[in-house]
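J.: Numbering-wise (our numbering), the sequence shown opens with residue 23 and increments by one.
The structure that follows is given in the form of structure tokens.
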Amino acid sequence: MKNQNGFTLIELVIVIVLLGVLAAIAVPRFVNLQDDALEAQRNATAAAISSAMNINYAACAVDNFTVGGDCVAVTACASANAVLQNAGTALTGYVITGAAIPAGNGSVVTCTLERTGVPAPHATFTAVRTAP
């Protein structure tokens, strides 16, 4: 009699069932990647605004807080567009909320950044006052 090597039908069925179980567990984990990407984008935008606020404060300090040139006046959270490098372009798809920054150069307030269509939580950034 010939010696035949191979898998039995029951072994193949077991492997297929195991692959199905693994797929059922793994697929829902990767379906929600778009929400994670949008949240990461929102957090990165908030970090960029915070960095731009600090760079603007440093530029204003060098210019003795004279608005113009490299120094942009910042008096509220809504001034975030002005300090970004592409100041002519609005932050589309975002809502910025926060109070006015207290008087005095270097005063800070925490602002919130929400992306429309992205579930909570929101991102925060620090706005730094650079206006007389």
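All residues carry an ideal CB built from backbone N, CA and C; glycine is no exception.
So, with DSSP's three-state summary, where would you put leucine 135?
T.: strand
J.: Quick one: using the 10 Å Cβ neighbour count with 16 as the cut-off for buried, is alanine 142 buried or exposed?
T.: exposed
J.: Hey, quick one: how far does the alpha helix (DSSP H) through threonine 67 stretch, first residue to last?
T.: 55-84
J.: Beta carbon of alanine 125, beta carbon of methionine 75: below 8 Å?
T.: no
J.: When the Cβ atoms of the segment 114-133 are set against those of the segment 92-101, are three or more pairs found closer than 8 Å?
T.: Counting Cβ pairs under 8 Å, three or more are found: they touch.
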